[in-house]
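Input: a single structure, listed below in structure tokens.
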Amino acid sequence: MSREEEILSIVSDKKKIEVNELSRLLNVSKVTIRKDLDKLELRGLLHRQHGYALLNNTDDINYRLAQNYDLKRKIALEASKIVSDGEVVMIESGSTCALLAEELAFNRNDITIITNSCFIASYIRKADTVKVILLGGEYQKESQVNVGPLIKKVVDEFHVDKLFIGIDGFDQRRGFTGSDITRCDTTRMLASAANQTIVLTDSSKFIQNGVVSEFSFNEISRVFTDKKINPKITKFLVAENINVQTI
Numbered sequence: 015m016s017r018e019e020e021i022l023s024i025v026s027d028k029k030k031i032e033v034n035e036l037s038r039l040l041n042v043s044k045v046t047i048r049k050d051l052d053k054l055e056l057r058g059l060l061h062r063q064h065g066y067a068l069l070n071n072t073d074d075i076n077y078r079l080a081q082n083y084d085l086k087r088k089i090a091l092e093a094s095k096i097v098s099d100g101e102v103v104m105i106e107s108g109s110t111c112a113l114l115a116e117e118l119a120f121n122r123n124d125i126t127i128i129t130n131s132c133f134i135a136s137y138i139r140k141a142d143t144v145k146v147i148l149l150g151g152e153y154q155k156e157s158q159v160n161v162g163p164l165i166k167k168v169v170d171e172f173h174v175d176k177l178f179i180g181i182d183g184f185d186q187r188r189g190f191t192g193s194d195i196t197r198c199d200t201t202r203m204l205a206s207a208a209n210q211t212i213v214l215t216d217s218s219k220f221i222q223n224g225v226v227s228e229f230s231f232n233e234i235s236r237v238f239t240d241k242k243i244n245p246k247i248t249k250f251l252v253a254e255n256i257n258v259q260t261i
């Protein structure tokens with residue numbers, strides 16, 4: 015784990031912590047910590063305030079990105095292995111999906127990313143070799159994502175092999191679930207333009223139950239998650255012909 019990832023882990027746990035305390039915990043100078051915090055704040059992963067480092071608003075996607083950052087990054091890195099140079103992929107909004115987009119944008123050549131996430135488009139804007147196609151629609155401020163029927167008018171013009179999505183929950187009866195009906199409808203629109211829909215999520219989502227049914231099991235081809243997933247759930251997913259890869 016890098017020092018920046020350690021900082022995110024500590025701030026996520028403490029919610030708010032003095033810069034001096036971070037310096038002591040990580041055994042580096044306050045100048046070094048401030049430089050690290052500057053970089054993390056520039057990326058929107060945390061906020062600085064009067065000698066403290068603190069998390070963003072809990073409704074903000076930057077907050078979700080900072081939660082379990084190291085684990086989400088490992089999941090994103092594993093998922094990136096199935097994407098080749100020159101490929102066109104579709105990536106839905108979500109914190110782990112944003113880290114996948116970052117990996118592809120900065121460590122692949124000639125990648126095209128189609129997304130409805132304004133956050134993702136901004137997050138990878140400095141990458142030289144990536145092409146981003148941003149799908150328009152109704153803008154949701156906290157998640158920084160475009161949703162709604164306008165998406166369908168545009169997405170019908172595309173077809174890709176892979177769509178990467180996040181989830182909010184899981185139910186053995188209802189399938190993969192979400193928390194926002196409009197966003198779920200939009201993700202399903204994106205899936206209509208892809209050969210395979212691939213879930214990126216940390217294992218905590220498998221013990222949560224979202225409000226809205228989003229995808230049935232036969233609509234998902236692969237899941238990337240971590241080894242803390244309950245083995246019974248893994249067995250269940252495999253029985254549903256879903257390829258489960260853990261890190």
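Basically the working numbering = 1-based index in the sequence shown + 14. Beta carbons: idealized from backbone N, C-alpha and C, even for Gly. Note that this is a predicted model, so its numbers are computed, not measured.
- When secondary structure is reduced to three states using DSSP, R197 falls in the helix class.
- The count of Cβ pairs closer than 8 Å, one atom from the stretch 124-137 and one from the stretch 228-235, stays below three, leaving the stretches out of contact.
- Beta-bridge partners of K176 (DSSP): Q210.
- Nearest Cα to F172 within the set S109, S206, I89 and E152: S206.
- For G192, the closest of D175, D170, A67 and F220 by C-alpha to C-alpha distance is F220.
- If you draw a straight line from the Cα of L36 to the Cα of Q63, it is about 14 Å long.
- Within the same chain, Cβ atoms closer than 8 Å to the Cβ of R48 are found at V33, the five residues on either side in sequence being excluded.
- Pairwise C-beta distances place the stretch 197-206 in contact with the stretch 161-169, as three or more of them are shorter than 8 Å.
- Going by C-alpha positions, Q186 is about 39 Å away from D124.
- In this structure, the alpha-carbon of K30 lies about 10 Å from that of G65.
- In the same chain as G224, and ignoring 5 residues on each side of it, the C-beta atoms closer than 6 Å to its own belong to D182, G183, T191, G192 and S193, in chain order.
- Under the DSSP assignment, K155 falls outside any alpha helix (DSSP H); it carries neither an H nor an E label.
- For I221, no beta strand (DSSP E) run applies, since DSSP gives it neither H nor E.
- In the DSSP assignment, F120 falls within the unbroken alpha helix (DSSP H) covering S109 to N121.
- When the alpha-carbon of S43 is set against those of R17, I247, N160 and S217, the nearest one is in R17.
- Three or more Cβ pairs drawn from the stretch 231-241 and the stretch 210-217 lie within less than 8 Å of each other, which places the two stretches in contact.
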